[in-house]
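Report on one structure; see the data block that follows.
Numbering (our numbering), first residue to last: 19 to 180.
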């Protein structure tokens, strides 16, 4: 039986064709527009420590959504960092907001920091660990792409808290 070995995506270079075009479209159009939409829908603003507004159940996923955006930026930067300094700058700003939002004990969830929940991590449908996992995945991807470890350190502190 023939076996296959895994090739990490960062060892693959798309040079032309359909997927190269999609990759460029994602970096040039989709990712910046997702950021714009996140600003319009308060996904970024809710990370400001003093941000207040009535809570909505959908707010539970804002940290996760934003973390997946950071991860997407990281994948662009991993192969084309020199081409997208503006994406890296935006990402650094968002990561800084995550860091400011983090509590001294390591807890990091913008929704539950505005809506106290006791005990933490108790009610699975509240998706606290789901959001935490996406922040951690984004932290690893961003570190691999840029060597910047601020979100990685915040994630480690959060993992220790969990």
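For every residue, glycine included, the Cβ atom is placed at its ideal position computed from N, Cα and C.
Open item on the list: Please report the distance separating the alpha-carbon of residue 161 from that of residue 105.
Closed with: 15 Å
- [ ] Please determine, among 147, 133, 151, the residue with the shortest C-alpha to C-alpha distance to residue 139.
- [x] 147
- [ ] Go ahead and label residue 120 buried or exposed: buried means 16 or more other beta carbons lie within 10 angstroms of its beta carbon, across all protein chains shown.
- [x] buried
Open item on the list: Quick test of your reading: residue 168 and residue 88, contact by CB under 8 Å. State the CB separation rounded to the nearest angstrom.
Closed with: Contact flag wrong, Cβ pair sits at about 11 Å.
TODO: Using alpha carbons as the reference points, say which of 37, 27, 70 lies closest to residue 132.
DONE: 70
Open item on the list: Is the separation between the beta-carbon of residue 81 and that of residue 149 shorter than 8 Å?
Closed with: yes
TODO: Measure from the alpha carbon of residue 130 to the alpha carbon of each residue in 144, 93, 155, 152, then state which is nearest.
DONE: 144
Task: Sequence-distant residues of its chain with Cβ nearer than 8 Å to residue 125 (five each side left out) - done: 131, 138, 176, 179
TODO: Just mark residue 92 as buried or exposed, buried being the case when its beta carbon has 16 or more other beta carbons within 10 Å.
DONE: buried
TODO: Count the other CB atoms, across all protein chains shown, that sit within 10 Å of the CB of residue 43; report buried if there are 16 or more and exposed otherwise.
DONE: exposed
- [ ] Taking residue 69 as part of the alpha helix (DSSP H), name the residues at either end of that continuous run.
- [x] First-last for residue 69: undefined, no H or E at that position.
Open item on the list: Out of 41, 46, 38, 58, which one is the CA nearest neighbour of residue 84?
Closed with: 58
Task: Residue interval of the alpha helix (DSSP H) (run including residue 92) - done: 80-98
Open item on the list: Is the beta carbon of residue 100 closer than 8 Å to that of residue 49?
Closed with: no
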